[in-house]
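One structure is given below, encoded as structure tokens.
Residue numbers (the numbering used here): 49 to 271.
Set out below in structure tokens:
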């Protein structure tokens, strides 16, 4: 315990001071007053050794010595941390429990009854036979050819027509490439729209130099 003595205490001889403290420890008379905070204030009679606890700031009477000490001693140094204890052994694994018995299978449900087959509907009556269509016109049975020669100037084209007899039908058209000029090209060849007996031709001459070439156009007629 740390003891702080007021300056007044130094006026007393050291043997007397020790004697006063010994008297307190072995049963001397102690008068208890108040202790403020963590410091205990006291007055000690220099003659009798009587110890009296007083309030902080109190003045001891004549022939008394003022003393102060801590109400609690200073904390000791923290001791070193002890070594960690050894890890305990792993406990044994418990036994696996027994597998429970398989429950019985439930009974199979009854098969439902088949629904009744619906009645077959009656066959509808056969419809009446429709009237026969009108007889179409007789098909073309005879054919013949018609031809026409055409001269085309260089670097130009000409459209011309070749016709069958009145009432007959032109069914095809063409030309003979071997007997025609090598620079001639047939651009159009088809029946004239709206005139069954007439065939339309358009011929182009690719020759650049001045001159002309001739071609013979043919059609097939039917009646």
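For glycine and all other residues, C-beta sits at the position ideal for the given N, C-alpha and C.
- A distance below 7 Å between beta-carbons, with the five flanking residues on each side excluded, links residue 150 to no residue of its chain.
- Residue 202 places its beta carbon less than 7 Å from that of residue 258.
- With fewer than 16 other Cβ atoms from the protein chains shown falling within 10 Å of its own Cβ, residue 227 counts as exposed.
- For the options 88, 141, 101 and 100, the alpha carbon positioned closest to that of residue 116 is the one of 88.
- Rounded to the nearest angstrom, the gap between the Cα atoms of residue 193 and residue 254 is 28 Å.
- Here residue 252 has 205, 233 and 235 as same chain residues with Cβ atoms under 6 Å from its own Cβ, once five neighbours each way along the sequence are excluded.
- The same chain holds no residue with a CB closer than 7 Å to that of residue 185 once the five nearest residues on each side in sequence are set aside.
- Considering only 268, 222, 218 and 167, the residue with the shortest C-alpha distance to residue 198 is 222.
- When the Cα atoms are used, residue 218 and residue 176 turn out to be separated by approximately 43 Å.
- For residue 246 and residue 271, the gap between their C-alpha atoms comes out near 13 Å.
- For residue 90, the beta-bridge partners assigned by DSSP are 101 and 115.
- The beta carbon of residue 207 sits closer than 6 Å to the beta carbons of 250 from its chain, once the five residues preceding and following it are set aside; these are given in chain order.
- In the three-state reduction of the DSSP assignment, residue 161 falls in the coil class.
- For residue 213, same chain residues with a beta-carbon under 8 Å away, outside a window of 5 residues either side, are 245, 269 and 271 in chain order.
- Scanning 114, 154, 126 and 167 for the CA closest to the CA of residue 92 turns up 114.
- Annotated three-state conformation of residue 228 is coil, per DSSP.
- Residue 188 is classed as exposed because its beta carbon has fewer than 16 other beta carbons within 10 Å across all chains shown.
- At a Cβ-Cβ threshold of 7 Å, residue 94 and residue 118 do not count as neighbours.
- Rounded to whole angstroms, the gap between the alpha carbons of residue 262 and residue 211 is 19 Å.
- When the Cα atoms are used, residue 134 and residue 127 turn out to be separated by approximately 21 Å.
- In this structure, residue 256 and residue 220 do not form a Cβ contact; the two beta carbons are roughly 32 Å apart against a cut-off of 8 Å.
- Nearest to residue 195 by C-alpha distance, out of 215, 100 and 224, is 224.
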